[in-house]
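What follows is a single structure, written as structure tokens, with notes after it.
Protein chains: 2
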Amino acid sequence: MKIAVLGGDGFVGWPTSLHLSDQGHEVHILDNLSRRWIDTELGVQSLTPMDSIQERTRVWHAETGRRIHFHLIDLATDYEILKGWLAKERPDAVIHFAEQRAAPYSMKSDRHKNYTVSNNVNATHNLLNALVEIELDAHLVHLGTMGVYGYSTIGAAIPEGYLPVEIETLSGDKKRQEILYPTRPGSIYHMTKSLDQILFQFYAQNDGLRITDLHQGIVWGTHTEQTRRNVQLINRFDYDGDYGTVLNRFLIQAAIDYPLTVHGTGGQTRAFIHIQDSVRCVELALREAPRRGERVKVFNQMTETHRVRDLAELVAKLTGAKIAWLPNPRKEAAENDLVVRNDQFLDLGLEPITLAEGLLSEVVEVAKRYAYRVDRARVPAVSAWTREIGKIVERDPEGRALRSVS
Amino acid sequence: MKIAVLGGDGFVGWPTSLHLSDQGHEVHILDNLSRRWIDTELGVQSLTPMDSIQERTRVWHAETGRRIHFHLIDLATDYEILKGWLAKERPDAVIHFAEQRAAPYSMKSDRHKNYTVSNNVNATHNLLNALVEIELDAHLVHLGTMGVYGYSTIGAAIPEGYLPVEIETLSGDKKRQEILYPTRPGSIYHMTKSLDQILFQFYAQNDGLRITDLHQGIVWGTHTEQTRRNVQLINRFDYDGDYGTVLNRFLIQAAIDYPLTVHGTGGQTRAFIHIQDSVRCVELALREAPRRGERVKVFNQMTETHRVRDLAELVAKLTGAKIAWLPNPRKEAAENDLVVRNDQFLDLGLEPITLAEGLLSEVVEVAKRYAYRVDRARVPAVSAWTREIGKIVERDPEGRALRSVS
Ligand SMILES: NC(=O)c1ccc[n+]([C@@H]2O[C@H](COP(=O)([O-])OP(=O)(O)OC[C@H]3O[C@@H](n4cnc5c(N)ncnc54)[C@H](O)[C@@H]3O)[C@@H](O)[C@H]2O)c1
Ligand SMILES: NC(=O)c1ccc[n+]([C@@H]2O[C@H](COP(=O)([O-])OP(=O)(O)OC[C@H]3O[C@@H](n4cnc5c(N)ncnc54)[C@H](O)[C@@H]3O)[C@@H](O)[C@H]2O)c1
Chain U
1 MKIAVLGGDG FVGWPTSLHL SDQGHEVHIL DNLSRRWIDT ELGVQSLTPM
51 DSIQERTRVW HAETGRRIHF HLIDLATDYE ILKGWLAKER PDAVIHFAEQ
101 RAAPYSMKSD RHKNYTVSNN VNATHNLLNA LVEIELDAHL VHLGTMGVYG
151 YSTIGAAIPE GYLPVEIETL SGDKKRQEIL YPTRPGSIYH MTKSLDQILF
201 QFYAQNDGLR ITDLHQGIVW GTHTEQTRRN VQLINRFDYD GDYGTVLNRF
251 LIQAAIDYPL TVHGTGGQTR AFIHIQDSVR CVELALREAP RRGERVKVFN
301 QMTETHRVRD LAELVAKLTG AKIAWLPNPR KEAAENDLVV RNDQFLDLGL
351 EPITLAEGLL SEVVEVAKRY AYRVDRARVP AVSAWTREIG KIVERDPEGR
401 ALRSVS
Chain H
1 MKIAVLGGDG FVGWPTSLHL SDQGHEVHIL DNLSRRWIDT ELGVQSLTPM
51 DSIQERTRVW HAETGRRIHF HLIDLATDYE ILKGWLAKER PDAVIHFAEQ
101 RAAPYSMKSD RHKNYTVSNN VNATHNLLNA LVEIELDAHL VHLGTMGVYG
151 YSTIGAAIPE GYLPVEIETL SGDKKRQEIL YPTRPGSIYH MTKSLDQILF
201 QFYAQNDGLR ITDLHQGIVW GTHTEQTRRN VQLINRFDYD GDYGTVLNRF
251 LIQAAIDYPL TVHGTGGQTR AFIHIQDSVR CVELALREAP RRGERVKVFN
301 QMTETHRVRD LAELVAKLTG AKIAWLPNPR KEAAENDLVV RNDQFLDLGL
351 EPITLAEGLL SEVVEVAKRY AYRVDRARVP AVSAWTREIG KIVERDPEGR
401 ALRSVS
């Protein structure tokens with residue numbers, strides 16, 4: 001297949017591109033390299049020394065004889081270029097990773113809120129619009145997030161996208177229906193994924209686009225089978241307060257003898273998946289395209305759930321690190337349960353890598369190995385969800401001011 | 001109160017501004033005049049001879065001694081200017097009409113789709129973002145549409161925004177909950193209003209913004225108490241295939257002895273409200289602000305429902321016009337029922353003007369009076385919802401080609 005990987009220079013996009021190339025697909029990466037620019041803006045860098053995309057694809061070719069093509073395109077602002085590229089190349093499938101994906105970054109300031117909304121909405125809409133315009137019947141696989149479900153007050157297991165409900169009809173009897181899960185995003189970033197869902201629903205219904213939306217949990221781990229092959233193929237590892245997800249931050253904190261920072265009670269339950277499984281899920285989803293006219297297919301792309309404090313304790317046990325309790329910068333429920341259905345991927349043969357088995361190698365192979373590159377000042381989370389919260393979340397466990405209060 | 005009317009140069013915004021000014025409020029219109037530019041793009045004009053906004057506000061002042069202030073601001077692209085204006089003026093309430101509002105226009109081409117999405121999403125998001133940023137606790141009243149409910153397959157009456165459903169919980173018993181009505185917009189334009197809903201939900205929940213969303217039906221009629229006072233205060237009347245809603249097109253067709261063009265079976269049921277009632281509803285909603293932290297308040301702003309063919313027959317009876325049956329350019333169910341709850345406005349004292357009583361004066365006072373200004377070529381609807389449909393909808397009842405088939 002000819003596959004376009006939008007956002008293929010990113011943390012999940014890069015190993016996905018390698019994996020698909022390894023399987024013999026013709027892979028084209030479209031990326032505007034905005035994440036590298038954001039690293040520069042924030043003054044942070046990947047823990048792992050990451051090469052340029054041009055260099056990485058060159059090394060991949062040297063290593064395997066296979067080519068991954070790179071195209072510098074901004075999906076959000078270069079509609080005509082995107083359309084032209086798609087019209088010329090007519091890929092069989094398009095995998096869409098190309099969005100601003102950090103919740104804390106999306107909450108940093110009004111500028112960051114606007115950027116996230118317009119980058120993500122326009123990227124997704126431009127893509128859908130172009131597919132219709134050039135009449136390209138490619139299977140579109142999009143990376144969504146578990147976060148669209150939001151903190152569920154429903155008390156039901158989270159289904160794969162659609163919730164069965166009973167509704168009282170005009171005649172007074174009850175009718176069973178499946179509806180798109182009532183979304184309750186908890187940040188501007190997550191909200192853009194809820195907006196994406198509506199765009200997908202419309203284009204699937206009006207234009208018959210074939211769309212799969214993967215509601216992904218937090219991705220952990222660094223290596224996949226392909227990234228291990230050459231040190232220059234290594235994947236990025238974000239540990240800063242904006243892009244570093246909770247587990248990465250714990251690993252780094254442990255590696256540099258910094259206390260593991262747990263926000264609030266640590267009672268929030270989150271869903272996780274290893275990067276190797278994430279890549280594999282995309283491959284499985286690619287094969288299961290919906291038919292034209294069918295509704296958007298939704299998979300929950302996660303393999304286990306944990307409370308944040310349990311994770312901290314797991315990492316502490318593995319490494320001897322201490323735990324520090326900080327105020328929560330996010331506006332969310334202190335404790336929540338999370339039961340998530342993921343039968344579809346399991347039925348397709350996914351055999352999950354568990355945290356319990358994979359975590360130690362991550363500590364040794366990545367966190368400790370590259371610990372010398374860590375900038376301690378960058379570890380804490382500093383974006384507050386509201387101004388009131390901003391006034392509380394001011395100091396890190398070492399007493400350093402985390403943000404200037406405006 | 002000091003009230004900002006965003007989009008106050010438009011069809012509903014203008015008479016709303018006059019009405020609120022008449023009641024003694026300090027009214028500020030913010031508008032980028034994009035609708036006047038779109039008239040130019042399409043080569044159409046209001047049936048009624050409409051003055052510039054500067055002239056209209058001058059006439060209003062001469063007539064009443066009251067001032068309506070006008071500010072040329074693009075909400076979608078001038079975030080900093082909007083924020084600066086709100087920070088300086090700190091209005092008590094903001095009424096948000098400022099979106100591209102024609103479904104056919106939003107489906108015209110890929111450029112029009114992109115324009116509608118980015119104009120409407122950015123306008124709404126910029127406004128919300130700015131209110132939070134400058135900590136302005138103004139009541140935000142937004143004009144949404146009945147169209148977010150979509151063609152309902154649910155078979156239940158359409159509630160005011162929130163649908164009660166029963167959900168099976170983890171423990172196996174059923175729990176009653178109210179959810180945001182599962183949206184199913186039928187055009188890009190309507191879809192942007194669904195996106196708005198998600199933005200509102202997030203900002204009400206995360207930042208405590210006080211928001212009212214008015215899900216409005218099709219507005220008909222031209223005059224309100226205030227627009228009648230001087231011929232130069234007259235409201236716009238759109239009759240072209242893009243902006244002219246179904247009833248306006250029937251009125252014009254009748255006035256120029258053109259057959260009333262019914263698309264498909266005419267079995268689609270739509271919701272309607274007279275412009276005078278619309279203006280009054282906004283006034284009522286303004287007073288009923290939700291409390292901080294409360295969910296978004298939703299009203300259905302409509303007073304009656306009719307099938308399109310029944311409307312055509314009503315106008316035909318009133319005027320002697322003939323009816324012509326054409327293929328439907330929209331992708332929608334041929335026949336639909338529509339039962340809509342609007343108890344909230346009725347409870348607040350709204351006394352609806354009905355089509356049956358108001359239609360004749362509309363024919364005489366407006367359609368016939370200005371019939372000499374009609375451009376016959378502009379009456380038919382020409383935007384097709386999909387390419388397949390585009391190939392069918394080619395000729396008007398006089399045999400003229402309606403669009404060039406690409
Ligand atoms: N990493 C996770 O834990 C996680 C969890 C759930 C969902 N996701 C989703 O998976 C996708 C990929 O995540 P990631 O961790 O690889 O993020 P990432 O930031 O590492 O990669 C995103 C890539 O998209 C590119 N991009 C962004 N906007 C673009 C635009 N307008 N035009 C072209 N390219 C653009 C960036 O330059 C970057 O290379 C995202 O959509 C994200 O929301 C990730
Ligand atoms: N007219 C109807 O039948 C109807 C029905 C349901 C809902 N509505 C809603 O009511 C609102 C008003 O409708 P209308 O019929 O008066 O439309 P309109 O097109 O006559 O007026 C909209 C006004 O907003 C302005 N505008 C658009 N984008 C802007 C931007 N980015 N910055 C500043 N100004 C901008 C336009 O210049 C115009 O003056 C719309 O939001 C519409 O969706 C209208």
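Just so you know, the sequences run in chain order U and H. If you're matching positions, the first sequence starts at 1 in the UniProt record's numbering and goes up one per residue. If you're matching positions, the second sequence starts at 1 in the UniProt record's numbering and goes up one per residue. Note that CB positions come from ideal geometry on N, CA and C, so glycine has one too. Since we're looking at a predicted model, the values are computed, not measured.
For a contact meaning CB atoms closer than 8 Å, what does W85 (chain U) contact in chain H?
Residue numbering aside, residue 85 (chain U) sits at position 85 when the first sequence is read from its first letter. In chain order: nothing, as chain H lies at least about 15 Å away.
Proximal chain H residues relative to M191 (chain U), where beta-carbon distance stays under 8 Å:
What you label residue 191 (chain U) is simply residue 191 of the first sequence in a count that begins at 1. Within 8 Å Cβ-Cβ: I198, L199 and F202.
Quick check: is any heavy atom of ligand 2 less than 7 Å from the C-beta of E99 (chain H)?
Stepping through the second sequence from its first residue, residue 99 (chain H) is reached at position 99. Under cutoff, so the answer is yes.
What does the alpha-carbon distance come out to for the pair H274 (chain U) and L346 (chain U)?
The residue given as residue 274 (chain U) occupies position 274 in the first sequence. The residue given as residue 346 (chain U) occupies position 346 in the first sequence. H274 (chain U) and L346 (chain U) have their C-alpha atoms some 14 Å from each other.
So what's P104 (chain H) in DSSP terms, helix, strand or just coil?
Counting from 1 along the second sequence, the entry for residue 104 (chain H) is found at position 104. Shown here, P104 (chain H) sits in a helix according to DSSP, grouped into three states.
W385 (chain H) touches chain U at which residues, Cβ-Cβ below 8 Å?
Translated into the one-based positions of the second sequence, residue 385 (chain H) becomes position 385. Going along chain U in sequence order, the residues near W385 (chain H) (Cβ under 8 Å) are N206.
Relative to chain H, which residues along the region 175-186 of chain U have a C-beta separation below 7 Å, given in chain order?
K175, Q177, I179, L180, P182, T183 and P185
Note down the Cα distance separating D396 (chain U) from R111 (chain H), rounded to an integer number of angstroms.
Working through the first sequence from its first residue, we reach residue 396 (chain U) at position 396. Working through the second sequence from its first residue, we reach residue 111 (chain H) at position 111. The pLDDT assigned to D396 (chain U) is 49, lower than 50, so where the model puts this residue is not dependable, and the model offers no usable value.
Would you list, in chain order, the members of the region 338-370 of chain H that have their beta-carbon closer than 9 Å to a beta-carbon of chain U?
V339
Excluding the 5 residues preceding and the 5 following G399 (chain H) in the sequence, name in chain order all residues of the same chain whose CB lies nearer than 8 Å to its CB.
Counted from its first residue, the second sequence places residue 399 (chain H) at position 399. Since pLDDT at G399 (chain H) reaches only 48, below the 50 mark, its modelled position is unreliable, and no value is offered.
Could you tell me which chain H residues have their CB closer than 9 Å to the CB of E135 (chain U), listed as they occur along the chain?
For the purposes of this step, residue 135 (chain U) is identified with residue 135 of the first sequence, where counting begins at 1. Going along chain H in sequence order, the residues near E135 (chain U) (Cβ under 9 Å) are R387.
Just how far apart, CA to CA, sit R292 (chain U) and D213 (chain U)?
Counting from one through the first sequence, the residue named residue 292 (chain U) turns up at place 292. Counting from one through the first sequence, the residue named residue 213 (chain U) turns up at place 213. Approximately 15 Å between the Cα atoms of the pair.
Minimum Cβ-Cβ distance from residue 441 (chain U) to chain H less than 8 Å
With chain U running from 1 to 406 in the structure shown, residue 441 (chain U) is simply not present.
Is there a Cβ from chain U that is less than 8 Å from the Cβ of H125 (chain H)?
The residue you call residue 125 (chain H) lines up with position 125 of the second sequence. For H125 (chain H), the answer is yes, since a Cβ of chain U falls inside 8 Å of its Cβ.
Can you pull the chain H residues whose beta carbon is under 8 Å from the beta carbon of D110 (chain U), in chain order?
Indexing the first sequence from 1 puts residue 110 (chain U) at position 110. Residues of chain H passing the Cβ test: Y79, K83, N129, A130, V132 and E133.
When you compare only the Cα positions, how much space is there between residue 432 (chain H) and N122 (chain H)?
Because chain H here runs from 1 to 406, residue 432 (chain H) falls outside it and cannot be looked at.
Is the beta carbon of D31 (chain H) within less than 7 Å of some heavy atom of ligand 2?
Here residue 31 (chain H) is taken as the residue at index 31 of the second sequence, counted from 1. The answer is yes for D31 (chain H).
Does the beta carbon of L6 (chain U) come closer than 8 Å to any beta carbon on chain H?
Translated into the one-based positions of the first sequence, residue 6 (chain U) becomes position 6. Chain H, which has no Cβ nearer than 8 Å to the Cβ of L6 (chain U), makes this no.
Span separating the alpha-carbon of G203 (chain H) from that of L209 (chain H):
Stepping through the second sequence from its first residue, residue 203 (chain H) is reached at position 203. Stepping through the second sequence from its first residue, residue 209 (chain H) is reached at position 209. Reading off the sequence shown, one finds Tyr at residue 203 (chain H), where the question assumed Gly. Computed Cα separation, rounded: 6 Å.
The beta strand (DSSP E) that contains A285 (chain H), what's its start and end?
Your numbering for residue 285 (chain H) matches position 285 in the second sequence. Unbroken run through A285 (chain H) is the alpha helix (DSSP H), I275 to R287; no beta strand (DSSP E).
In angstroms with no decimal places, state the Cα-to-Cα distance between L326 (chain U) and V262 (chain U).
Your numbering for residue 326 (chain U) matches position 326 in the first sequence. Your numbering for residue 262 (chain U) matches position 262 in the first sequence. C-alpha separation (whole angstroms): 6 Å.
Any idea what DSSP makes of Y162 (chain H), helix, strand or coil?
The residue labelled residue 162 (chain H) in the question sits at position 162 within the second sequence. In the three-state reduction of the DSSP assignment, Y162 (chain H) falls in the strand class, which pools E and B.
Proximal residues, the region 22-50 of chain H versus chain U, C-beta separation under 8 Å:
In summary, no residue of the region 22-50 of chain H has a CB separated from any CB of chain U by less than 8 Å.
According to DSSP, is L326 (chain U) part of a helix, a strand, or is it coil?
The residue you call residue 326 (chain U) lines up with position 326 of the first sequence. Looking at L326 (chain U) - three-state DSSP - the assignment turns out to be strand.
Determine, using beta carbons only, whether T145 (chain U) and K193 (chain U) come nearer to each other than 8 Å.
Here residue 145 (chain U) corresponds to residue number 145 of the first sequence, with the count starting at 1. Here residue 193 (chain U) corresponds to residue number 193 of the first sequence, with the count starting at 1. Contact: yes.
Are the CB atoms of L247 (chain U) and I218 (chain U) nearer to each other than 8 Å?
Walking along the first sequence from the start, residue 247 (chain U) turns up at place 247. Walking along the first sequence from the start, residue 218 (chain U) turns up at place 218. Contact flag set, yes.
Beta strand (DSSP E) runs contained entirely in the region 123-197 of chain U, provided each spans 3 or more residues:
139-145, 162-168 and 174-180
Which residues in chain H have a C-beta closer than 9 Å to the C-beta of S118 (chain U)? List them in chain order.
Here residue 118 (chain U) refers to the residue found at position 118 when the first sequence is read from its first residue. Proximity of chain H to S118 (chain U) at the Cβ level (cut-off 9 Å) is accounted for by S118, V121, N122 and H125, in chain order.
Assign R287 (chain U) to one of two classes, buried (16 or more other C-beta atoms within 10 Å of its C-beta) or exposed (fewer than that).
Position 287 of the first sequence, counting from 1, holds the residue named residue 287 (chain U). The residue is exposed, with fewer than 16 neighbouring Cβ atoms inside 10 Å.
Going by CA-CA distance only, name the one from U:T48, U:H28 and U:A371 that's closest to T227 (chain U).
Position 227 of the first sequence, counted from the start, is the residue given in the question as residue 227 (chain U). When each option's Cα is compared against that of T227 (chain U), the closest is U:T48.
How far does the beta strand (DSSP E) with F70 (chain H) in it extend, from its first residue to its last?
Counted from its first residue, the second sequence places residue 70 (chain H) at position 70. Looking at the DSSP string, the run of the beta strand (DSSP E) that includes F70 (chain H) is I68 to L72.
Quick one: using the 10 Å Cβ neighbour count with 16 as the cut-off for buried, is Y258 (chain U) buried or exposed?
Against the first sequence, residue 258 (chain U) aligns to sequence position 258. By the 10 Å Cβ count, Y258 (chain U) comes out buried.
Closest to A255 (chain H) by CA distance: which of H:G264, H:R184 and H:R376 is it?
Mapped onto the second sequence, residue 255 (chain H) falls at position 255. Taking only the C-alpha atoms, the option nearest A255 (chain H) is H:R376.
Could you tell me which uninterrupted beta strand (DSSP E) segments, each at least 3 residues in length, are contained entirely in the region 28-85 of chain U, listed from first to last along the chain?
68-72
What's the C-alpha gap between A384 (chain U) and A103 (chain U)?
On the first sequence, position 384 is the one that residue 384 (chain U) refers to. On the first sequence, position 103 is the one that residue 103 (chain U) refers to. Approximately 10 Å, taken between the alpha carbons.
Between which residues of its own chain and H25 (chain U) is the CB-CB distance below 8 Å, once the five residues before and five after are set aside?
One-based indexing of the first sequence puts residue 25 (chain U) at position 25. Taken in chain order, the residues that qualify are M1, K2 and I3.
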